[in-house]
């Protein structure tokens, strides 16, 4: 499965539109952009090493923009933890034989195939959902 560029562009445009409306200062937007660029740099290295896909790198970067500079490192740590757990689960899943009726479903067959990678976007989303309640976006609502 691919992470579509339209999703990343939508999230970027939504941040650009909503951050000023939510009262995020220009300085904070700058720090958040710097955090997103730092995350992109790390993720680009992982992409070059073949550890993640390009969509994963872009998605993690734009999520870091939303998460903010204060929580970007926490986001990366939790994403790595969820990614490690997901990888172990998928490796275990791939080590067992599946009944043919399960392999008829294309997504199960692809997930079970040792020729496909780990869907790291799931770990990125889990890391974001775990951290997001602590961000300024959510604390402003309470």
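In our numbering, the protein residues as written are 36 to 177. Heads up, the beta-carbon is just placed ideally off N, CA and C, and yes, glycines get one too.
For residue j and residue i, the rounded distance between their alpha carbons
| i | j | result |
| --- | --- | --- |
| residue 44 | residue 107 | 19 angstroms |
| residue 53 | residue 162 | 22 angstroms |
| residue 57 | residue 42 | 21 angstroms |
| residue 81 | residue 174 | 32 angstroms |
| residue 172 | residue 137 | 41 angstroms |
| residue 115 | residue 86 | 12 angstroms |
| residue 55 | residue 140 | 45 angstroms |
| residue 154 | residue 65 | 31 angstroms |
| residue 168 | residue 104 | 15 angstroms |
| residue 51 | residue 70 | 15 angstroms |
| residue 46 | residue 36 | 19 angstroms |
Cβ-Cβ distance between residue i and residue j below 9 angstroms
| i | j | result |
| --- | --- | --- |
| residue 93 | residue 38 | yes |
| residue 156 | residue 109 | no |
| residue 48 | residue 74 | no |
| residue 126 | residue 158 | no |
| residue 111 | residue 68 | no |
| residue 113 | residue 165 | yes |
Any non-hydrogen atom of the ligand MG within 8 angstroms of residue i CB
| i | result |
| --- | --- |
| residue 36 | Within the structure as shown, the ligand MG is missing, as the structure has no ligands at all. |
Continuous alpha helix (DSSP H) stretch holding residue i: start and end
| i | result |
| --- | --- |
| residue 135 | 135-138 |
| residue 145 | 141-147 |
| residue 157 | 155-166 |
| residue 173 | 171-174 |
Whole runs of the alpha helix (DSSP H) within the stretch 43-111, excluding any shorter than 4 residues: 61-83 and 89-102
The stretch 98-112 touching the stretch 132-145, judged by at least three CB pairs closer than 8 angstroms: no
Stretch pair the stretch 115-131 + the stretch 50-63: three plus CB contacts closer than 8 angstroms: no
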